[in-house]
Amino acid sequence: MARILLVEDNEDDRALFRMVLSRHGVEVDLVEARDGVEALEILAKDPLPALVLLDLHMPRLDGFAVLKKIRADERLAGLNVMILTSSDENADMRRARARGANGFLSKPTGFGGWDEVIVRIARNCGD
Amino acid sequence: MPAIGTLPPNTALRLLDEVHEHVIVYRFDDPEDALSLRVMWANREVSPSGVDVPSLIGRRLVEVLPDLAETTVPYAYLACVQNQERIELPELHYQGRVFLVTAVPLEGSWVAGLIRDITASRSTEEHMQARVTQATEELRRTNAELEAFASSVSHDLRAPLRALSGFSQYLAETQHGLDDEGRYLMTRIQGGATRMNALIDALLRLSRIQRHEMARRSVDLAAQMRELIAALEEQEPERTVRVDLPESIRVEADPELSRIVVTNLLRNAWKFTRGTPRARINVTLKDGLVRIKDNGVGFDPEYAEQLWKPFARLHSDDTFDGLGIGLAIVLRIVRRHGGHIEASGAPGRGATFAFRLNPESQDGANPAG
């Protein structure tokens, strides 16, 4: 079962992810971190996740810093990291891309948006 | 130019004393030697640099003020005498003050210096410059704050919205004991969340216009309009709207922003002619003024001011959709270009929007509007 690390400070968003994944019958080993510090603690241990879903604005250590540490660490550098964005944060997206983000996933607000998220997550866990 | 009129006897010299300029008359002992400049006469204006001018009379300038020999001043006076022409010297910085010096040839090897102390006005200018720099810095900071605000709005306001729409969707779909009315209410909640999300988007678009770095280039607005009309026709193939456009509308504008202007104005014309039997949109260009006229529902001119306010609308949601942000964005873009826009219309008789993206003075002598 593919392991996904979800790094997200907002509890509602984490609950939505869990709910949507289970509703779509996506079987993954979902690990959750509430900020960058927790994320790095989890990544310090094996097994490494197939995909990291990373929020940018978090207390303590933010997503930019986490991404930078991942890319600078030989063991973690190859991780597939997708940035979770609320839309309309172009400057953030440019910054994250420059730091080596593999892709962006817009957190959906309206109807139906979650379907695409699931498809993309499944594709990025690529077996 | 000779002086005009008549003076009482012996008043000319007295008048010179009242002038707020130093007037010093020199004579060259040797008309080939710049340093032989001798002070012969001075008016009463006291030198602000602390030089006691009367004590200079009869002495060589470079003897009493030796550091002047290092400047171009004596040589400029010499050139003035030799060429018998008036010379404006470059700004002279001397003993912490700033002077403007004009050399005026008199007779033979005689020359007059008209010396104006501009230290005070110069420091005012520097003060103004500092103020401008400070204001620019404040503006930059405000923009950065605005950007941070926009980002935080986008991030923080959307999170609860996601929860609202996501969980209610889940509730409606899994039918946790909801009857038909319960599901209907859930749909209304989701509609509200969706609309609020769209409003946040619109607010951010509006703030982005202000932050956009403008780069003027030559743009063909007609080409931008044709692209949009083609897209609208593709979206709504069932509609027939007759659109008349000039061959080309060349303006100096930021292409990205000008596209937003024509998009919003033409979309409005397209939208508000929806119920019109023979819908028409007519675009004309005259004296730099672009006029977009439609024969749609129009508006009551009494409420025309409302058109430009963000989120203010003149039609109810169920007649025409929209957030009421388009024209507020258009107005901002036009203002950022130093241009002008106005709307005219009447209920049931169409609307006309006329705009220019350049300040009027650049568009010739016949500005409309």
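Chains as they are written, first to last, in numbering that gives the first Met the number 0: chain A, 0 to 126; chain B, 0 to 368. Cβ coordinates follow ideal geometry from the N, Cα and C atoms, glycine included. Only a predicted model underlies this, so the values are computations on that prediction, with no experimental measurement involved.
C-alpha gap between residue i and residue j, whole angstroms
i	j	result
Ala71(A)	Val65(A)	10 Å
Lys292(B)	Thr239(B)	16 Å
Pro366(B)	Leu160(B)	Since pLDDT at Pro366(B) reaches only 39, below the 50 mark, its modelled position is unreliable, and the value read off the structure follows with that caveat. When rounded, the distance between both Cα atoms is 48 Å.
Gly127(A)	Val118(A)	There is no way to answer for residue 127(A), as the model of chain A reaches only from 0 to 126.
Asp179(B)	Gly338(B)	54 Å
Leu156(B)	Glu124(B)	46 Å
Phe166(B)	Gly323(B)	29 Å
Val103(B)	Glu87(B)	9 Å
Gly35(A)	Leu52(A)	12 Å
Trp109(B)	Gly287(B)	59 Å
Glu304(B)	Ala147(B)	30 Å
Glu17(B)	Ala11(B)	10 Å
Ala100(A)	Ala76(A)	11 Å
Arg162(A)	Trp113(A)	Chain A is shown from 0 up to 126; residue 162(A) falls before or after that span and cannot be answered.
Thr275(B)	Ala345(B)	14 Å
Thr272(B)	Ile199(B)	28 Å
Glu172(B)	Ser164(B)	12 Å
Leu14(B)	Ile117(B)	21 Å
Asn196(B)	Glu115(A)	18 Å
Ile188(B)	Arg33(A)	28 Å
Thr186(B)	Arg216(B)	47 Å
Met39(B)	His126(B)	38 Å
Met0(A)	Glu26(A)	7 Å
Met18(A)	Glu73(A)	34 Å
Asp28(A)	Asn142(B)	43 Å
Ile3(B)	Gln81(B)	28 Å
Pro7(B)	Pro30(B)	35 Å
Nonlocal neighbours in the same chain, by C-beta distance under 7 Å from residue i, ignoring five residues either side
i	result
Pro46(A)	Arg2
Leu220(B)	Ile248, Val250, Ser257, Val261 and Val289
Asp91(A)	Leu55 and Thr84
Leu356(B)	Val250, Ala252, Ser257, Val333, His336 and Gly338
Gly368(B)	Because Gly368(B) carries a pLDDT of 38, less than 50, the predicted location of this residue cannot be relied on, and the following value inherits that uncertainty. Leu288, His339, Glu341 and Ala353, listed in sequence order.
Ala134(B)	none
His23(A)	Ile117
Ala201(B)	Leu322 and Ile324
Leu138(B)	none
Neighbourhood of residue i by C-beta distance below 8 Å, restricted to the same chain and skipping five residues each side
i	result
Arg37(B)	Tyr25, Arg26, Phe27, Asp28, Gly57, Arg58, Arg59 and Leu60
Pro65(B)	none
Asn263(B)	Gly325, Leu326, Ile328 and Val329
Glu144(B)	none
Leu205(B)	Pro309, Ile324, Ala327, Ile328 and Arg331
Cβ-Cβ distance between residue i and residue j below 8 Å
i	j	result
Asn89(A)	Asn123(A)	no
Gln209(B)	Arg96(B)	no
Phe63(A)	Arg94(A)	yes
Leu112(B)	Tyr76(B)	Note that residue 112(B) is Gly in the sequence shown here, rather than Leu. Their beta carbons are under 8 Å apart, which means Gly112(B) touches Tyr76(B) by this criterion.
Pro245(B)	Val296(B)	no
Val30(A)	Leu4(A)	yes
Pro73(B)	Leu34(B)	yes
Ala278(B)	Asn267(B)	no
Ile340(B)	Ala350(B)	no
Arg121(B)	Glu20(B)	no
Pro48(A)	Asp8(A)	no
Leu265(B)	Met224(B)	yes
Ala149(B)	Leu231(B)	no
Nearest neighbour of residue i, chosen from the options [CA to CA]
i	options	result
Ala158(B)	Arg59(A), Ala100(A), Ala49(A) and Pro107(A)	Pro107(A)
Ala192(B)	Gln168(B), Glu212(B) and Val218(B)	Gln168(B)
Lys68(A)	Leu42(A), Arg13(A) and Asp8(A)	Leu42(A)
Lys270(B)	Gly321(B), Asp299(B) and Pro300(B)	Gly321(B)
Phe310(B)	Arg194(B), Gln223(B) and Leu145(B)	Arg194(B)
Glu226(B)	Ile259(B), Ser206(B), Gly4(B) and Ala214(B)	Ile259(B)
Ala391(B)	Asn142(B), Tyr183(B), Pro254(B) and Asp32(B)	Nothing about residue 391(B) can be read from this structure; chain B reaches only from 0 to 368.
Thr70(B)	Gln83(B), Leu91(B), Gln81(B) and Pro8(B)	Leu91(B)
Pro254(B)	Ile228(B), Gly181(B), Ser151(B) and Val218(B)	Val218(B)
Val22(B)	Pro53(B), Pro7(B) and Arg130(B)	Pro53(B)
Phe16(A)	Ala41(B), Ala162(B), Gly190(B) and Arg241(B)	Ala162(B)
Contacting residues, own chain, Cβ-Cβ under 6 Å from residue i (five flanking each side not counted)
i	result
Asp11(A)	none
Val63(B)	Leu55
Thr348(B)	As written in the sequence, residue 348(B) is Arg, which differs from the Thr given in the question. Within the same chain, Arg348(B) has close Cβ partners Gly297.
Asp126(A)	The pLDDT assigned to Asp126(A) is 48, lower than 50, so where the model puts this residue is not dependable; a value taken from the coordinates is nonetheless given after this. Excluding sequence neighbours, Asp126(A) sits near nothing in its chain.
Cys79(B)	Ile86, Ala102, Pro104 and Val110
Leu306(B)	Leu326 and Ala342
Asp299(B)	Pro346
What are the residues in the stretch 156-169 of chain B lying within 8 Å of chain A by C-beta distance? Result list: Arg157, Ala158, Pro159, Leu160, Arg161, Ala162, Ser164, Gly165, Phe166, Gln168 and Tyr169.
Scan the stretch 173-191 of chain B for residues whose Cβ lies nearer than 9 Å to a Cβ of chain A and list them as they occur along the chain. Those residues of the stretch 173-191 of chain B that come within reach of chain A (Cβ to Cβ, closer than 9 Å) are Thr173 and Gln189.
Give me the subset of the stretch 33-56 of chain A whose CB atoms are less than 7 Å from a CB atom of chain B, sorted by chain position. Cβ contacts with chain B come from His56.
Interface residues of the stretch 11-32 of chain B facing chain A [CB-CB below 9 Å]: Of all residues in the stretch 11-32 of chain B, none is placed with a Cβ closer than 9 Å to any Cβ belonging to chain A.
Interfacial residues, the stretch 6-32 of chain A to chain B, with Cβ spacing under 7 Å: Considering only beta carbons, the part of the stretch 6-32 of chain A lying closer than 7 Å to chain B consists of Asn9, Asp11, Asp12, Leu15 and Met18, in chain order.
Residues, ordered as in the chain, of the stretch 237-252 of chain B that lie near chain A by beta-carbon distance below 7 Å: For the stretch 237-252 of chain B, the beta-carbon criterion of a distance under 7 Å to any beta-carbon of chain A is satisfied by none of its residues.
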